[in-house]
Amino acid sequence: MLYMVSDASEPVRFLSAGNLTNEDQFLHARRTLQSCEFLSVTKGILHIQSGQRSYHLGPGQFVLLFPGECHFGTRASQGELSFYWTHFRFGSEDSSVLSESRAGALFLEENHPRYILPETGTLSPNSRVNVLFVQLLDLAKRLGSLSSTQCSYAQSTLLLEVTHECFFRHHLMQRSEKIPLGIADLMEWLQLNFDTTLSVADIAEKFGYHPSYLTSVFKRCSGCTITEYINRQRIQVAKNLLTSTPKLTLAEIAGQVGIGDEKYFMRLFKRYEGITATAYREAFSLKKKNRA
Numbered sequence: 099m100l101y102m103v104s105d106a107s108e109p110v111r112f113l114s115a116g117n118l119t120n121e122d123q124f125l126h127a128r129r130t131l132q133s134c135e136f137l138s139v140t141k142g143i144l145h146i147q148s149g150q151r152s153y154h155l156g157p158g159q160f161v162l163l164f165p166g167e168c169h170f171g172t173r174a175s176q177g178e179l180s181f182y183w184t185h186f187r188f189g190s191e192d193s194s195v196l197s198e199s200r201a202g203a204l205f206l207e208e209n210h211p212r213y214i215l216p217e218t219g220t221l222s223p224n225s226r227v228n229v230l231f232v233q234l235l236d237l238a239k240r241l242g243s244l245s246s247t248q249c250s251y252a253q254s255t256l257l258l259e260v261t262h263e264c265f266f267r268h269h270l271m272q273r274s275e276k277i278p279l280g281i282a283d284l285m286e287w288l289q290l291n292f293d294t295t296l297s298v299a300d301i302a303e304k305f306g307y308h309p310s311y312l313t314s315v316f317k318r319c320s321g322c323t324i325t326e327y328i329n330r331q332r333i334q335v336a337k338n339l340l341t342s343t344p345k346l347t348l349a350e351i352a353g354q355v356g357i358g359d360e361k362y363f364m365r366l367f368k369r370y371e372g373i374t375a376t377a378y379r380e381a382f383s384l385k386k387k388n389r390a
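Counting in this note's numbering, the sequence shown runs from 99 upward without gaps.
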């Protein structure tokens, strides 16, 4: 696995972004750019090659196309395809492509923030990346030519989120001496099973803990209770659904994130986000789409 690494003390330079949708037989054009391109697939399968590396990306997966490499579609898509895309350049000239081990060593340097972006990966179900994509597209669409600086900072936030999720979550947290390995495993499991109906007692039994001990150690490690941790994952997934699936009702979204009561879901969303779910959806209703 290769990683693109650059100084994060200054924002990247935003160039363009969009949301491509295609009903069938999409084939990415062959081209070589001097900028980076980040693609995040939400529907269908995207077949693409960059340099000598070939990717077949499904929903929830992404790819970072390195500058100066020829990239092109290797096979036409079958059925509907949709993905977010953005072009950008790093603000610092100090950027390089490194192996995973070398990138990991740099990540542990706490006093030197960096973008550490894997060439490809899979986002967690509660990832904030696509929500940040929607916000970026909305900002670019709403402000037009005035959005350059703000979009650069929004783009930087998105890339730092990728760094956090795909490097921190899978590498640093597992090695942290402050979080017992069993609790780290539990956090990972809760991120994937946020819609579970299990009680804290059931979860404690599943992972071999006494409920009282688990409650105490989990709060000490995460800063919140297990119930609150699960609810935060649920609201994050709900934010993704609100911005990416306008046809879903609030009741349907509540059900998909494991909350059977729509009114409770609405109260919970307002508590965590400070606005209603409806207002959140409407706030990010603008975004650039392109069809091919």
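No residue lacks a Cβ here, since even glycine has one placed at the ideal position from N, Cα and C.
Query	Result
Presumed contact (8 Å Cβ cut-off) between L125 and A174, rounded CB distance	5 Å
Whole-angstrom distance between V355 and V139, CA atom to CA atom	21 Å
Reduced DSSP category for Q176 - H, G, I as helix; E, B as strand; rest coil	coil
Bounding residues of the beta strand (DSSP E) (the contiguous stretch that carries N120)	111 to 120
Beta-carbon spacing of N228, S114 below 8 Å	no
Chain-order list of residues whose beta-carbon lies under 7 Å from that of D105 (same chain, five-residue window excluded)	S190, D192, R212
Where the beta strand (DSSP E) containing E135 begins and where it ends	134 to 141
Buried/exposed call for G142, threshold 16 Cβ in 10 Å	buried
Own chain partners of Q233 with C-beta closer than 7 Å, once the 5 adjacent residues on each side are dropped	A252, F382
Delimiting residues of the alpha helix (DSSP H) encompassing M364	360 to 371
As assigned by DSSP and simplified to three states, the class of M102	strand
Euclidean distance between Cα positions of M364 and A282	30 Å
Range covered by the beta strand (DSSP E) that runs through F188	Here F188 belongs to no beta strand (DSSP E), and DSSP marks it neither H nor E.
Cβ distance (whole Å) where S148 is taken to contact F164 below 8 Å	6 Å
Burial state of D236 (16 or more Cβ within 10 Å)	buried
Spatially closest choice to L131 from R187, T119, S250, by CA coordinates	R187
6 Å CB neighbourhood of L270 in its chain, flanking five on each side removed	Confidence is the limiting factor: at L270 the pLDDT is only 49, short of 50, which leaves the residue's position unreliable, though a coordinate-based value still follows. Hits under 6 Å: none found.
I397 vs G171 beta-carbon contact at 8 Å	Since the first and last residues shown for the chain are 99 and 390, residue 397 lies out of range.
Collapsed DSSP secondary structure at S107 in the structure displayed	coil
Option in S254, A349, H210, C264 with minimal Cα separation from S222	C264
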